[in-house]
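Residue 25 is where the sequence shown starts when you use our numbering, and the numbers rise one by one after that.
First comes the structure, then the notes that go with it.
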Amino acid sequence: MPPEGDAARTVANRLQWLEGLHPRSWDLGVERVAVVAAELGVMRLPSVVVSVAGTNGKGSTVALLEACYRAGGYRTGAFSSPHIHRFNERIRFDGAEVGDDALLAAFERVDRARGEITLTYFEFTTLAALVLFGDAGPDAVFLEVGLGGRLDAVNVTEPDVAVITTIDLDHQAWLGDDREAIGAEKAGIARPGRPLVVGDPEPPASIASTAQGAEIWQRGMDFDVEAAPGGWHWIGRGGRVRRGLPPPALRGEGQLENAATALAVVEVLAPRLPLGQQAIRRGLEEVRLPARFQVLPGDVPLILDVAHNGQATSALARNLARHPCIGRTHAVVAMLADKDAAAALNPLSQQVDAWYPAALGGERGRDGESMAAAVVDAGGAVAGVYPDPAAALAAARQAAGTGDRILVFGSFQTVAAVAPAEA
Numbered sequence: 025m026p027p028e029g030d031a032a033r034t035v036a037n038r039l040q041w042l043e044g045l046h047p048r049s050w051d052l053g054v055e056r057v058a059v060v061a062a063e064l065g066v067m068r069l070p071s072v073v074v075s076v077a078g079t080n081g082k083g084s085t086v087a088l089l090e091a092c093y094r095a096g097g098y099r100t101g102a103f104s105s106p107h108i109h110r111f112n113e114r115i116r117f118d119g120a121e122v123g124d125d126a127l128l129a130a131f132e133r134v135d136r137a138r139g140e141i142t143l144t145y146f147e148f149t150t151l152a153a154l155v156l157f158g159d160a161g162p163d164a165v166f167l168e169v170g171l172g173g174r175l176d177a178v179n180v181t182e183p184d185v186a187v188i189t190t191i192d193l194d195h196q197a198w199l200g201d202d203r204e205a206i207g208a209e210k211a212g213i214a215r216p217g218r219p220l221v222v223g224d225p226e227p228p229a230s231i232a233s234t235a236q237g238a239e240i241w242q243r244g245m246d247f248d249v250e251a252a253p254g255g256w257h258w259i260g261r262g263g264r265v266r267r268g269l270p271p272p273a274l275r276g277e278g279q280l281e282n283a284a285t286a287l288a289v290v291e292v293l294a295p296r297l298p299l300g301q302q303a304i305r306r307g308l309e310e311v312r313l314p315a316r317f318q319v320l321p322g323d324v325p326l327i328l329d330v331a332h333n334g335q336a337t338s339a340l341a342r343n344l345a346r347h348p349c350i351g352r353t354h355a356v357v358a359m360l361a362d363k364d365a366a367a368a369l370n371p372l373s374q375q376v377d378a379w380y381p382a383a384l385g386g387e388r389g390r391d392g393e394s395m396a397a398a399v400v401d402a403g404g405a406v407a408g409v410y411p412d413p414a415a416a417l418a419a420a421r422q423a424a425g426t427g428d429r430i431l432v433f434g435s436f437q438t439v440a441a442v443a444p445a446e447a
C-alpha cells in the first residue's frame, strides 16, 4: 500500500515508495504495464502522439518538437526522463511542469488500477503521465522512450508517428551487443501503416526489417540538412525545402541533426497539425533543455553535459574543440557502473587537461577508485579521487584559473549533483 496520511501528500515520499514497489528496478516487458494501461484507458490517447526512441538525441528532439508546436499555438504535452532537479520536470503541459496535486492524483489512479500487479518506478510514472495526457487532451503529445523501445513502458500507447534519433552502443546488457540488435529493439515502437522517422544517417538494417509496413522517412534519403550562411535549410521529399532556418538554441554538435529530424515529424504531421515557417523559426530560437553542452558563464565557465556513452562524448569532444578556451579544461566525471567508461572517456582524452573523478551514489553508481582507474586507462591526468561530484567540482574550482573552464559530465545524476536550480 502507498504511504498514508500527510506523507502521501508529498511527491518525494510517493516516489520513494514506488522505488520498492517492484522487486527489480528494471524489468523490460509491456505485459504487466499493458494490463494496467487498458484498465486506465490510456492505450490510445485522444491527442496526436509522437514516440521518440534513440541512443542519443531523443530528449532534445522532444524538446524541439514541443517548442515548435507551442510556437504554432498548439497545446502540447511532453514526457521525458530522467530529470535534473525534481520529478515534475518529466511531465510538461505547454512547456510548464506538472503540478504536485495533479501528479499525486494521477499516482492514486494508477495505484487503484494496478490491483495486485507490481510496477517499476518508470512503468508506474509513465502510466501516470499517460493518465494526465489522456485527461487534458492536448493537441500533440511527445513521449521519450526510456530504454530501448519494443519492451519499454511508453510502447503501451499507440503512436501516430514513431521516431528513432540515433543508434549506438549503450545499455548492451538489456538491448544487445551491436547496433543491429539495438536497432531492432528501438524499431519496436514503429507501427505498420504509420510513419517512422529515422534520424541516423547510417541506420542498421534491422530497423527496416523490424519496422516492416511502416512508412520510413530516412535522413539522407527522405530529408536532410543543408548548411547556409547564418543558418540552414531543411530538405525534404519531392523537393520540399524550408529555407533560412536559424540554428537551434540548443548548443552543440548533433542539435542541427535533431532539429532536422523534428522537422521531418512536422512534415509528416502537416495534414493534421500544420505549422508555418514563422512558428518553426520561433520554436528553434526558443527551445530550452538543460545539460546539453550547457555553458554557465562566470570567471571560470561551467559546462554541463549529460553525455555518458561514446557517441555522445565524441560529439562533446568536438564541441569542446570548436569552442576552445585560452586556458585549461578541467573535467569532473562520475558515471553509472553499467556504462562503458572507456568508450565514454577515450574521445575526450585530447580535450581535457585535468580530471576529477568522483563516486556516484546509489546501487548503480560507480565508485571513485574505479572511475579514476578508467580515467588513467584513457590516458588522463587525475587530480584526485572524490567522494561525490560536488566535492570534485569544488576541487576543480579551486585549481582553475583565469581562462580555464570546467566540464561536468557522465550522467544525469552527475549533473544534478552540481547544477544550480536556476540553470
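Here a beta-carbon is modelled for each residue, glycine too, at the ideal position from N, C-alpha and C.
Run of the beta strand (DSSP E) containing residue i, from where it starts to where it stops
| i | result |
| --- | --- |
| residue 75 | 72-77 |
| residue 145 | Premise fails: residue 145 lies in the alpha helix (DSSP H), 145-160, not in any beta strand (DSSP E). |
| residue 438 | Counting along the chain, residue 438 falls outside any beta strand (DSSP E), though it belongs to the alpha helix (DSSP H) covering 436-442. |
| residue 430 | 429-433 |
| residue 180 | Neither: residue 180 is in no beta strand (DSSP E) and is coded neither H nor E. |
Bounding residues of the alpha helix (DSSP H) (the contiguous stretch that carries residue i)
| i | result |
| --- | --- |
| residue 86 | 82-95 |
| residue 40 | 35-43 |
| residue 209 | 203-210 |
| residue 65 | First-last for residue 65: undefined, no H or E at that position. |
| residue 400 | 392-401 |
| residue 232 | 229-234 |
For residue i: DSSP bridge partner residues
| i | result |
| --- | --- |
| residue 257 | 250 |
| residue 221 | 187, 241 |
| residue 100 | 164 |
| residue 120 | 117 |
| residue 389 | 360 |
| residue 378 | 354 |
Exposure of residue i, with buried meaning 16 or more beta-carbon neighbours within 10 Å
| i | result |
| --- | --- |
| residue 31 | Here the model assigns residue 31 a pLDDT of 43, short of 50, so the residue's position is not dependable and the matter cannot be decided. |
| residue 233 | exposed |
| residue 264 | exposed |
| residue 322 | exposed |
| residue 105 | buried |
| residue 284 | buried |
| residue 240 | buried |
| residue 427 | exposed |
| residue 456 | Because residue 456 is not part of the residues shown, which for the chain are 25 to 447, the question remains open. |
| residue 399 | buried |
| residue 71 | buried |
| residue 159 | exposed |
| residue 253 | exposed |
| residue 150 | buried |
| residue 341 | buried |
| residue 411 | exposed |
| residue 29 | Residue confidence for residue 29 is low, a pLDDT of 49 falling below 50, so the modelled location carries little weight; the figure read from the coordinates is stated next. With fewer than 16 other Cβ atoms within 10 Å, it is exposed. |
| residue 359 | buried |
| residue 202 | exposed |
| residue 176 | buried |
Where residue i sits in the DSSP three-state scheme
| i | result |
| --- | --- |
| residue 422 | helix |
| residue 411 | coil |
| residue 115 | strand |
| residue 383 | coil |
| residue 169 | coil |
| residue 267 | strand |
| residue 406 | strand |
| residue 52 | coil |
| residue 129 | helix |
| residue 135 | helix |
| residue 416 | helix |
| residue 213 | helix |
| residue 281 | helix |
| residue 262 | helix |
| residue 58 | helix |
Complete alpha helix (DSSP H) runs within the region 284-371 (minimum length 4 residues, chain order): The qualifying runs are 301-310, 334-346, 365-369.
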